[in-house]
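Here is the structure we will look at.
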Amino acid sequence: MTAQEVMEISPVVPVIALERAEDALPLAEALLAGGVGVMEITLRTDAGLDAIKSVSDALPEMAVGAGTVVNGYECRKAVDYGAQFIFSPGISQELIESAEDETIALIPGVATASEVMLAQN
Numbered sequence: 789m790t791a792q793e794v795m796e797i798s799p800v801v802p803v804i805a806l807e808r809a810e811d812a813l814p815l816a817e818a819l820l821a822g823g824v825g826v827m828e829i830t831l832r833t834d835a836g837l838d839a840i841k842s843v844s845d846a847l848p849e850m851a852v853g854a855g856t857v858v859n860g861y862e863c864r865k866a867v868d869y870g871a872q873f874i875f876s877p878g879i880s881q882e883l884i885e886s887a888e889d890e891t892i893a894l895i896p897g898v899a900t901a902s903e904v905m906l907a908q909n
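Quick note: the sequence shown uses this note's numbering, first residue 789, plus one each step.
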């Protein structure tokens, strides 16, 4: 899945931070019922990776990604747990290389011209 494909699924990408992984599946089902077929589950809590796995295993029709991914290790773990794309609050060469190695769409936060140039390469 490419970054463009992620953004074409829905006009919004809900950003989900969960304290309990078991809350992910009912939430994903509700989003699908409401016509939203994409969700970002952040890695800001310990439940993030297990929540991604729960949704990706049970609902193949839901495009689920990992958010707040800040390094290559987190990128690789997110892929291992079933993430189809990753969002990052910033960009680094390490994260770019990891996303390329894992063949996963990276959607980074950028603020400066230099960050935009790095993200485009």
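Ideal Cβ positions, reconstructed from N, Cα and C, are used throughout, including at glycine.
Three-state secondary structure (DSSP) at residue i?
i	result
residue 850	coil
residue 789	coil
residue 874	strand
residue 866	helix
Verify whether the separation of the beta carbon atoms of residue i and residue j is less than 8 Å.
i	j	result
residue 825	residue 854	no
residue 847	residue 866	no
residue 807	residue 830	no
residue 872	residue 795	no
residue 791	residue 812	no
Among the options, which one has its Cα closest to the Cα of residue i?
i	options	result
residue 849	898, 818, 878	818
Would residue i be called buried (16 or more neighbouring beta carbons within 10 Å of its own) or exposed?
i	result
residue 881	exposed
residue 827	buried
Looking only at its chain, what residues have a beta carbon closer than 7 Å to the beta carbon of residue i, apart from the 5 residues adjacent to it on each side?
i	result
residue 845	870
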